[in-house]
Amino acid sequence: MTDYIIVGAGPAGCVLANRLSEDPTHQVLLLEAGGKDWHPYIHMPAGFAKMTKGIASWGWSTVPQKHMKDRVFWYTQAKVVGGGSSINAQIYTRGNARDYDAWEKEEGLAGWGYRDVLPYFKRAENNQRYANDFHGDQGPLGVSNPISPLPICEAYFRAGQEMGIPFNPDFNGASQEGVGYYQLTQKDARRSSASVAYLRPIRARKNLTVRTDVLVTRIVVEKGRAIGVEIVDRPGGEKKILRAGREVIIASGAIGSPKLLMQSGIGPADHLKAVGVTPVHDLPGVGSNMQDHLDLFVIAECTGDHTYDNYAKLHRTAWAGLQYLLLKKGPVASSLFETGGFWYADPTAASPDIQFHLGLGSGIEAGVEKLNNPGVTLNSAFLRPRSRGTVRLKSADPADHPLIDPNYWSDPYDRAMSIKGLRLAREIMRQKALQPYVLREVLPGPSLASDDELFDYACRSSKTDHHPVGTCRMGHDDMAVVTPDLRLRGIEGLRVCDASVMPRVPSSNTNAPTIMVGEKGADLILGREPLPPAVFSGNRAA
């Protein structure tokens, strides 16, 4: 019999499979609904721009967003080994120290403060540049600096400084604020996904089984204990039950984990009954507390060949491929969003509340009308939304898409701060340092100036940053889904370990925090002593 069944081979699931199988006496089974990470786009850094259009994803969308003129957002969620770490833009940011201190002090989550979680970030990290109080260089996850930055990136840094935004060489170090290069989950010019970093080196372990293309339809609960999972291993196939001797661990992400719990009869009982699911355990917080970062962007036309747009031409594409194969350089080695920064929309905020991503092309993901010259994009996202959404079932059929409702801008503060962030992005693009590179603003366009006009623009053009969290949050109150040691409240032998347990979205991209949750979660599951809290010889991160 298998000791541990892990449902979902995303960032946290891959970490758990590695750490739980380190003890050869533990039999570990990792189940993934998607396929293997064979597609070449996955491993080429620039390939992520293709992934957001549906490769290796579920193909889900949101429900109409009632506070954004009923806009329906395409909502890419990975369906592949490695999960989001296999299809994202590889940006390695952890958030602000105050994020995790708030988890501990305001949410009551002892052991999840910044000094407690930093050692787990460091344990994961194989940093190619840093080995210090804030970084590790002995872990499995490749983290490196951009290989092929362009001159427009340096001009962007100078533009930020012209506005009083300092240059920051390390967003994960002593201070978060400023503009600079992001570190990336790359090693040797290839994506370092959780699959590549955590699974590939240990696939020969005899006590670890990884099965792909397996849909888990429900958690099997008997007498208040999770004893296994029900699966279908091919479309139209028979249902089978796989048993776990110790624990079932759900690591299916902020959408997939609450969906699976509700399919299993674990969740808000009234909702379950309404869609035809027999309640097994009434847990009202399942699928609530959803948070996500919404992305607004400025697109400008360049004065010349300053970004990667012209590489879409056939002969340039061929040259880019040769550059990458022979030299491990050029546009294919770029994440395309490897430059950015953190700053303030709300001047009273204790830490940065806006994140920028400089895209080395015009509408890399979103698409934009044809320009005469290459374009450049500057994305802005408000980092600490007050709006809360839900994940719900459409029906009792596990094959049905979930009802995803981020509930963007239900709190007017989020709308106001997001528009301020967009204005900051426009201002950066208009600075003197960028004038040799930027010819004109195309979107939103100089004719749009009022908050109402920018709101209309955002309703038409904004997109998700793919950072959903919180739908199975840790806590102590009646709406908490798991305890601080990730045990599901009210059912034995069942834990959740992924981005869904985060009570608040970190002020950053969410891949690195999810890997941290996997690292810390493994110690909790195995009953190990936690890593010693971080001690700083200099300033702490803020």
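Here the working numbering runs 1318 ahead of the position in the sequence shown, where the first position is 1.
Backbone N, C-alpha and C define an ideal beta-carbon position, used for all residues, glycine too.
Using the rule of at least 16 other Cβ atoms within 10 Å of the residue's Cβ for burial, across every protein chain shown, is residue i buried or exposed?
i       : result
SER1765 : exposed
GLN1383 : buried
PHE1854 : exposed
GLU1745 : exposed
PRO1458 : buried
ILE1559 : exposed
GLY1763 : exposed
ASP1417 : buried
TRP1356 : exposed
GLY1839 : buried
PRO1730 : exposed
ASP1718 : exposed
GLU1656 : buried
GLY1542 : exposed
Check each candidate in the options and name the one with the smallest Cα separation from residue i.
i       : options                               : result
ILE1672 : TYR1499, ALA1335 and ILE1737          : ILE1737
TRP1727 : ASP1613, LEU1804, LYS1838 and ASP1803 : ASP1613
ASP1627 : GLU1565, ASN1691 and MET1735          : ASN1691
LEU1701 : GLN1345, ASP1451, THR1828 and LYS1750 : THR1828
HIS1344 : TRP1356, MET1319 and ARG1846          : MET1319
GLY1554 : LEU1533, GLY1679 and GLY1677          : LEU1533
ARG1561 : LEU1849, LEU1812 and ASN1490          : LEU1812
ASP1795 : GLU1480, GLU1771 and GLU1424          : GLU1424
LEU1349 : LEU1338, SER1339 and GLY1328          : GLY1328
GLY1658 : ARG1433, GLU1472, PRO1786 and HIS1589 : GLU1472
ASP1774 : HIS1785, LEU1761, LEU1347 and PRO1786 : LEU1761
GLY1605 : ALA1618, LEU1590, GLU1619 and ILE1617 : LEU1590
ARG1741 : ASP1769, ALA1751, LEU1721 and ASN1725 : ASP1769
PRO1786 : CYS1777, ASN1725 and ALA1852          : ASN1725
Once the 5 residues before and after residue i are set aside, which same chain residues still bring their CB inside 6 Å of it?
i       : result
LEU1517 : CYS1332
VAL1650 : MET1362, ALA1364, ALA1638 and TYR1642
PHE1615 : THR1695 and ASN1697
ASP1600 : ALA1587
ALA1714 : VAL1593, GLY1594 and VAL1595
ALA1407 : PHE1366, SER1653 and PHE1655
For residue i, which residues from the same chain have a beta carbon less than 8 Å from its beta carbon, with the 5 sequence-adjacent residues on both sides left out?
i       : result
ARG1536 : VAL1547, GLU1548, LEU1578, GLN1581, SER1582, GLY1583 and PRO1716
PRO1850 : PRO1437
PRO1342 : ARG1523, LYS1524 and ASN1525
ARG1521 : VAL1528
TYR1448 : ASP1455, ASP1488 and GLY1491
For residue i and residue j, which I take to be in contact (beta-carbon distance under 8 Å), what is that distance rounded to the nearest angstrom?
i       : j       : result
ALA1569 : CYS1815 : 5 Å
GLY1413 : PRO1831 : 6 Å
GLY1401 : ALA1512 : 7 Å
ILE1567 : VAL1325 : 7 Å
LEU1711 : VAL1593 : 5 Å
ARG1704 : ASP1723 : Not really, about 16 Å apart at Cβ, beyond 8 Å.
GLU1480 : ALA1743 : Rounded, the Cβ-Cβ distance is 14 Å, inconsistent with contact.
ARG1564 : TYR1322 : 6 Å
Which residues in the same chain have their Cβ closer than 7 Å to the Cβ of residue i, if we skip the five residues on either side of it in sequence?
i       : result
GLY1353 : VAL1398, THR1530 and ASP1531
MET1834 : VAL1435, TYR1438, PHE1439 and ALA1442
SER1510 : LEU1459, GLY1460, THR1503 and GLN1504
ILE1470 : HIS1624, THR1625, VAL1694 and TYR1755
THR1411 : PHE1489, ASN1490, TYR1500, SER1826, ASN1827 and ALA1830
At least one CB of chain C closer than 9 Å to the CB of residue i: is that the case?
i       : result
PRO1458 : Here there is only one protein chain, and chain C is not present.
Just checking, does the segment 1597 to 1615 make contact with the segment 1746 to 1756 on the three C-beta pairs under 8 Å criterion?
no
Touching by the beta-carbon criterion (3+ pairs, under 8 Å), the segment 1495 to 1502 and the segment 1819 to 1826
Contact annotation: the segment 1495 to 1502 does not touch the segment 1819 to 1826, with fewer than three C-beta pairs closer than 8 Å.
Assess, as a yes-or-no matter, whether the segment 1800 to 1807 is touched by the segment 1387 to 1396 under the definition of 3 or more beta carbon pairs within less than 8 Å.
no
Mind the definition here: the segment 1837 to 1848 touches the segment 1503 to 1522 only if three or more C-beta pairs lie below 8 Å; say whether that holds.
Look at the beta carbons and you see the segment 1837 to 1848 not touching the segment 1503 to 1522: under three pairs across the two are nearer than 8 Å.
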